[in-house]
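First up is the structure itself, then whatever we jot down about it.
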Amino acid sequence: MSVKLLYFAWVREKTGLGEETVDLPGDVKTITDLIDWLKARGPEFVSAFEQSDVIRTAIDQTHVPHDAAIANAREIAFFPPVTGG
Amino acid sequence: MSVKLLYFAWVREKTGLGEETVDLPGDVKTITDLIDWLKARGPEFVSAFEQSDVIRTAIDQTHVPHDAAIANAREIAFFPPVTGG
Amino acid sequence: MIRVQQENFDIGAEIERLRDNRTDIGAIVSFTGTVRDTAQGAPITEMTLEHYPGMTEKELERIEAEANERWPLQESLIIHRYGPMKPGENIVLVVTASPHRQAAFEAAEFLMDFLKTNAPFWKKEDGPEGGDWVDARESDDDALKRWETPEKAAE
Amino acid sequence: MIRVQQENFDIGAEIERLRDNRTDIGAIVSFTGTVRDTAQGAPITEMTLEHYPGMTEKELERIEAEANERWPLQESLIIHRYGPMKPGENIVLVVTASPHRQAAFEAAEFLMDFLKTNAPFWKKEDGPEGGDWVDARESDDDALKRWETPEKAAE
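Chains as they are written, first to last, in the working numbering: chain E, 2 to 86; chain R, 2 to 86; chain G, 4 to 158; chain F, 4 to 158.
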């Protein structure tokens, strides 16, 4: 499954990527699975997702918890807690 | 004792007076006494102070309850509950 | 600062004057009360605000001082108009500035709640059927109760 | 209405555009968030807001719709800037209009509380010592709790 991943704020700075499109293996079913899969890709991902509890996620631009199913997501974003306003 | 009396809103319309200066007899010691004294002056005052519980009072431009002592007041105002804002 | 005036005011200009290009403010709240074209379903063609010159200024200053004692405000402003006004016109403006948003919001609400129940203004509404003095609303007295401190409540 | 933009905004002009000479409004509340020149005592020379284009607009629209469902608003507006800003500049503007003041106040506070915890913006503050991402504040999460409805709280 091909999906667009986006990284914001210090998650973007740590991964060194603003966005990328990846092909996910079939056993990556939830956000937690996806984070584990990303961490296996290299030290920059290990660093970005070190405190994975802190990382917030959105699927197709809607906030979701880490146990959310990826299903047919087109766009998945990772970011720190928001600090606008 | 000479004191300036002020009337506002419908109290003013009912008494027919915006302000006046009166000489009060010595036995008029509280706002309640003053209201009774005013009511004895004529039907327009009876009408204005008919529901005297509703009337608010200020002595020298500070809100006071009806049992407040008049003491050395220079200015006493009578008005309905306020409705600004 | 407080102002009691017959003329209209410009909300944006008042906010900009109050913030005065400062860089230490974090939150600015404004409240504007305006004349509505109906009251209890009846049309209003004009509204007139009577007030008690002298006492009005004293009460507004007292209320503003109390807000500044309760919240860490950097600036505060109350402008209240009197005289005749048409529907849609501004009646009152309250502006508060603080490093944090909660203080600015709470202080603005406090100022309005106290003003509504303590500042000596009286509204007379004119419609096709004639003029009528506006009755005080119980909800305004209720709004005041939430600001009672333990000592004040015991009085 | 919501707007996400890099340019500054004029608070007064936005309020006047929103009220649009209407005569049925009774209360207008505005909240403006501004860049402060210090953070935890350290000086700030510039602040940059990163955001998630697309999701930002969706979240702000969702939050605005929720406020309009909870309160009888006649108009509402959220403007949020992104990009680099200097101390003293405007960041965010929320305006609400309603026949009554309590609805206007509550809705404006609600919009700010939800925006602070849900809209995908991230602040980076630059000072003489370098840049740092701003940490989310627990007080913002706490502020959200007071808006929980019985059903939502049970979730």
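Ideal Cβ placement from N, Cα and C applies to all residues, glycine included.
With 7 Å set as the bound, which would you pick, yes or no: does the beta-carbon of residue i sit closer than that to a beta-carbon of chain F?
i       : result
Arg84/G : no
Thr37/G : yes
Ala12/E : Reading off the sequence, residue 12/E comes out as Val, not Ala. For Val12/E, the answer is no, since every Cβ of chain F falls outside 7 Å of its Cβ.
Pro66/E : no
Val83/E : yes
Ala74/E : no
Gly86/E : yes
To the nearest whole angstrom, what separates the beta carbons of residue i and residue j, a pair I think is in contact under 8 Å?
i        : j        : result
Ala100/G : Leu118/G : Contact flag wrong, Cβ pair sits at about 18 Å.
Thr84/E  : Phe113/F : The Cβ separation is near 19 Å, so there is no contact.
Met115/G : Gly86/R  : 6 Å
Trp11/R  : Pro82/R  : Actually they are not in contact, since the Cβ atoms of Trp11/R and Pro82/R sit about 11 Å apart, beyond 8 Å.
Arg149/G : Phe34/F  : That belief does not hold up - the Cβ atoms of Arg149/G and Phe34/F are roughly 20 Å apart, past 8 Å.
Out of curiosity, what's the CA-to-CA distance linking residue i and residue j?
i        : j        : result
Tyr8/E   : Glu51/E  : 15 Å
Gly27/R  : Lys5/R   : 16 Å
Ile28/G  : Gly44/G  : 42 Å
Gly15/G  : Gln62/E  : 35 Å
Val32/F  : Val98/F  : 6 Å
Glu92/F  : Pro46/F  : 15 Å
Asp135/G : Val29/R  : 33 Å
Ala69/R  : Asp144/G : 22 Å
Leu147/G : Asn121/G : 10 Å
Asn73/E  : Ile32/E  : 12 Å
Arg167/F : Thr152/F : Given that chain F is displayed from residue 4 to residue 158, the structure contains no residue 167/F and the question cannot be resolved.
Lys126/G : Ile81/G  : 18 Å
His67/R  : Glu14/R  : 21 Å
Phe79/R  : Ala49/R  : 10 Å
Arg42/R  : Arg75/R  : 21 Å
Thr16/E  : Asn71/F  : 39 Å
Asp129/F : Thr37/F  : 15 Å
Ser79/F  : Glu17/F  : 11 Å
Glu132/G : Pro102/F : 22 Å
Glu19/G  : Ile60/R  : 38 Å
Thr48/F  : Met4/G   : 30 Å
Arg73/F  : Leu21/F  : 20 Å
Val65/E  : Asp34/E  : 14 Å
Ile77/E  : Tyr55/F  : 12 Å
Pro90/G  : Leu96/G  : 16 Å
Val47/E  : Ser3/E   : 22 Å
Under a CB-based cut-off of 7 Å, is residue i close to chain R?
i        : result
Pro131/G : no
Asn136/G : The question names Asn, yet the displayed sequence has Trp at residue 136/G. For Trp136/G, the answer is yes, since a Cβ of chain R falls inside 7 Å of its Cβ.
Val57/G  : Checking the sequence shown, residue 57/G turns out to be Gly, not Val. Answer yes: the Cβ-Cβ gap between Gly57/G and chain R drops below 7 Å somewhere.
Ala45/G  : no
Ala139/G : yes
Glu53/G  : yes
Nearest chain G C-beta to residue i closer than 7 Å, yes or no?
i       : result
Thr16/R : no
Ser33/F : yes
Asp40/F : yes
Ala70/R : no
Phe9/R  : yes
Could one say the Cβ of residue i lies closer than 7 Å to chain E's Cβ atoms, at least one of them?
i        : result
Glu158/F : Because Glu158/F carries a pLDDT of 48, less than 50, the predicted location of this residue cannot be relied on, and the following value inherits that uncertainty. So no, Glu158/F is outside the interface.
Ala151/F : The amino acid at residue 151/F is misidentified as Ala; the sequence shows Glu. So no, Glu151/F is outside the interface.
Ala68/F  : no
Lys61/F  : yes
Quiz item: When the Cβ atoms of the stretch 57-67 of chain G are set against those of the stretch 134-142 of chain G, are three or more pairs found closer than 8 Å?
Solution: no
Quiz item: Okay, do the stretch 81-88 of chain G and the stretch 40-57 of chain E touch, 3+ Cβ pairs below 8 Å being the bar?
Solution: no
Quiz item: Okay, do the stretch 6-20 of chain G and the stretch 22-41 of chain R touch, 3+ Cβ pairs below 8 Å being the bar?
Solution: no
Quiz item: Is there contact between the stretch 97-113 of chain F and the stretch 54-61 of chain F, where contact requires at least three CB pairs shorter than 8 Å?
Solution: no
Exercise. Taking only beta carbons into account, state which residues of the stretch 36-53 of chain E come closer than 9 Å to chain F, listed in chain order.
Key: For the stretch 36-53 of chain E, which is checked against every Cβ of chain F, not one residue is closer than 9 Å.
Quiz prompt | Residues of the stretch 106-134 of chain F with Cβ closer than 7 Å to any Cβ of chain G, in chain order | solution = Within the stretch 106-134 of chain F, the residues whose Cβ lies closer than 7 Å to some Cβ of chain G are Phe108, Glu112, Met115, listed in chain order.
Practice problem: Using a Cβ-Cβ cut-off of less than 7 Å, give me the residues of the stretch 72-98 of chain F that come near chain G, in sequence order. | Solution: Pro90, Gly91
Self-check item: Cβ contact check for the stretch 37-48 of chain R and the stretch 17-34 of chain G: 3 or more pairs under 8 Å
Solution: no
Quiz item: Mind listing which residues of the stretch 4-36 of chain F have their C-beta closer than 9 Å to chain G's C-betas, in chain order?
Solution: Asp13, Ile14, Gly15, Ala16, Glu17, Ile18, Glu19, Arg22, Asn24, Arg25, Thr26, Asp27, Ile28, Gly29, Ala30, Ile31, Val32, Ser33, Phe34, Thr35, Gly36
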